[in-house]
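These notes are about the structure you will find just below.
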Amino acid sequence: MKDIAIVGGGPAGALCGERLASCGFKVTIFDERLAWEKPCGGGLTHKAIETYPFLLDSPYPKKIIRTAELISSRGHRARFEMNHPIVIYARKVLNGLLLDRAVAAGCTAVCSRVTNVNTNGERVRLMVEGEERVSDFVVLASGARNQLLPDTTALGADDLEMTLGYFVPTEENIIKIKFLKEFEGYLWSFPRADHLSVGICARMGQTTSQQLRRHLDAFVVEEKIPTAGAQLYSHVLPSPQAKTIRGRRIVGNNWAMAGDAAATVDPITGEGLYYALRSGDLLAHALAQGAPQEYPERLRAAFSADLEFAANIAKKVFRGNFVGGAITTRMVQLLNYSPAFRDLVRDIFSGSQSYRTLKRRLWGQLGITVAEFTHSFLDPRRRRPISSPSEHETPIDTR
Ligand SMILES: Cc1cc2nc3c(=O)[nH]c(=O)nc-3n(C[C@H](O)[C@H](O)[C@H](O)COP(=O)(O)OP(=O)(O)OC[C@H]3O[C@@H](n4cnc5c(N)ncnc54)[C@H](O)[C@@H]3O)c2cc1C
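For the sequence shown, counting from 1, position 311 maps to 301 in my numbering; every step adds exactly one.
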C-alpha cells in the first residue's frame, strides 16, 4: 500500500494525513473547502492538549479559558476555576493549523469535492469533480454529513443532534453552559480570540429548529450578549447511540472512517475534536503497521468503550431526577456547596474523569459531598438564595 486518499481535511483527516505522510505514504487530502469556519464551539479539553501539545504551543490565535459557569434551567449559577484551561480556536484557524502541518509532513491538499468512492475493485476509485483518481486505500473523514458509505450504514436521526448558533463579534473570558428543563442538550457560550461561539444542541427530532432558535435567542438576551453583526450557523453533530458505537462498521478492506464520519463524539458533552484527532491518529498507526482491521479494537481500548457508557447514561443526565430535582440543577447546586463535587466536575471538564469510573467515584464520595453540602447550606455566612435572578451575577464563594 502506497497511495492513500483522505476525503475531508478537518481535524480527523488532517492529523491522519500528517501521521501517514510522516511514515512515508503518499497522501492526498481532498476537502471541498480546506480551512473554513466549520460551525463549532472550538473548545479543546486538557486531554486533547496533553496528547497534542502543539495545539497549545502553536503561534496561531486562540483563547485560553480558565473559568466556567454552569447555569441550571431554574437560573441557579455556579462559577468555578478549572484545574486545566480549555483552549478555544476559531475552526478556520484550527483547520488551517492542522492542514499546514499535514502539508509540511508531505501531504498534498486539494480543494475539491469528492462525489463518489468505489471500493469494489483492487484499487479505490474516487470521483473528484468529474475526474477519476485512484488510490490503494481511502480514509473517509468527511464529517457528520458524510454521504460516502462503502459497505456501512449512514448515521440516522437517532445518532445525531441538531445545533444552531451565532458567531458574535464580542469578547468574553468565561465559558457558560446552560441546561434546559427536560431537554437533551444544552446552550453554550465559548469565547474565541476575537468573537464568541454561542449555540444550542439537542437530539434530532425532539425539538424543532424554531424552538431551538427561541431558546438560543432567550439565552443571548439573558446573558446580555450583543447580537449586532452576529452570524447564524447550523450543523449536525453525531450523538451516537450505544449500539452504533458498538456495532457500526467503520473499516473495510481498503477503506476506513475517522472522526465525525465514524461517530467518535461524546454523546453527553458533544466533544468531538479530541476524538476526531485521536481516531485519525490511531487509524494512521494501524495503517502504518499494515493492520487497519485492528483499528476498531484500538479505538475501543482508547475511548469508544467509554463513549458507549456515556451513550447509555446520556438521557438520565439530562432528564433524570435526584432528590426531587433535575440532575442538572442538583449538579449546579452541588458545585456551589461541595468542594469535593467541584473537584469531580473539574476533572470531567479536563477529560481526566472517565464515564466508566464516574459512578464508583460518585458513590465513594457521596458521604463527603452530602456532609459538605449540609454544612455549607446550614452555614448562614455561606448560604445564599440561589433561585432569585438578582443573585445571578454573584458567584457563590465556597472557599
Ligand atoms: C455547533 C457545534 C459545536 C461543536 N463544539 C465543539 C467543541 O467546542 N469542542 C469539541 O471538541 N467538539 C465540538 N464539536 C464537534 C466537532 O466540531 C467535530 O467533532 C469535529 O469537527 C469533527 O472533525 P472531523 O474532522 O471528523 O470532521 P469535520 O470537522 O466536519 O471535517 C470534515 C471535512 O470534510 C470535508 N468534506 C465533507 N464532505 C466532503 C466531500 N464529499 N469532498 C471533499 N470534502 C468533504 C468538509 O469540508 C470538512 O472540512 C461541535 C460541533 C458542532 C456542530
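Every residue, glycine too, gets a C-beta built ideally from N, C-alpha and C.
- In the structure shown, the three-state DSSP call for Met(-9) is coil.
- Between Val226 and Ser62, the gap from beta carbon to beta carbon reaches 7 Å or more.
- Under the rule that a run must span 3 or more residues, the beta strand (DSSP E) segments found entirely inside the segment 187 to 244 read 221 to 228.
- Apart from the 5 residues on each side of it in sequence, Ala220 sits with its Cβ closer than 7 Å to the Cβ of Tyr156, Phe157 and Val158 in its chain, given in chain order.
- Rounded to whole angstroms, the separation of the alpha carbons of Pro230 and Gly195 is 14 Å.
- Between Pro282 and Ala276, the C-beta spacing is below 7 Å.
- Secondary structure note for Asn106: its beta strand (DSSP E) is the uninterrupted segment Val104 to Asn108.
- Sequence-distant Cβ neighbours of Gly86 in its own chain, meaning closer than 6 Å and more than five residues away, are Ala25.
- Taking each of Ala208, Ala295, Met247 and Ala253 in turn and checking the Cα distance to Cys6, the smallest one comes out for Met247.
- Under the three-pair Cβ rule at 8 Å, the segment 165 to 179 counts as touching the segment 300 to 308.
- Set against 6 Å, the gap from the CB of Arg23 to the closest heavy atom of ligand 1 is smaller.
- When C-alpha distances from Asp207 are compared across Ala11, Gly3 and Val188, the shortest belongs to Val188.
- Going by C-alpha positions, Ala316 is about 16 Å away from Ile167.
- Using a cutoff of 6 Å, the CB of Thr153 counts as near ligand 1, since one of the ligand's heavy atoms is closer than that.
- Note on geometry: alpha-carbon atoms of Arg236 and Ala144 lie some 15 Å from one another.
- Rounded to the nearest angstrom, the gap between the Cα atoms of Tyr285 and Leu272 is 7 Å.
- Selection Phe180, His205 and Leu289 evaluated against Ala58 yields Phe180 as nearest (Cα-Cα).
- Taking C-beta atoms as the reference points, Ala4 and Ala266 fail to come closer than 7 Å.
- Distance check between Ser344 and each of Val313, Ala301 and Asn326 places Ala301 closest, using alpha-carbon atoms only.
- One Cα belongs to Gly314, the other to Arg64, and the distance between them is close to 14 Å.
- In the DSSP assignment, Val255 is bridged to no other residue.
- Here Ala94 is exposed, its C-beta having fewer than 16 other C-beta atoms within 10 Å.
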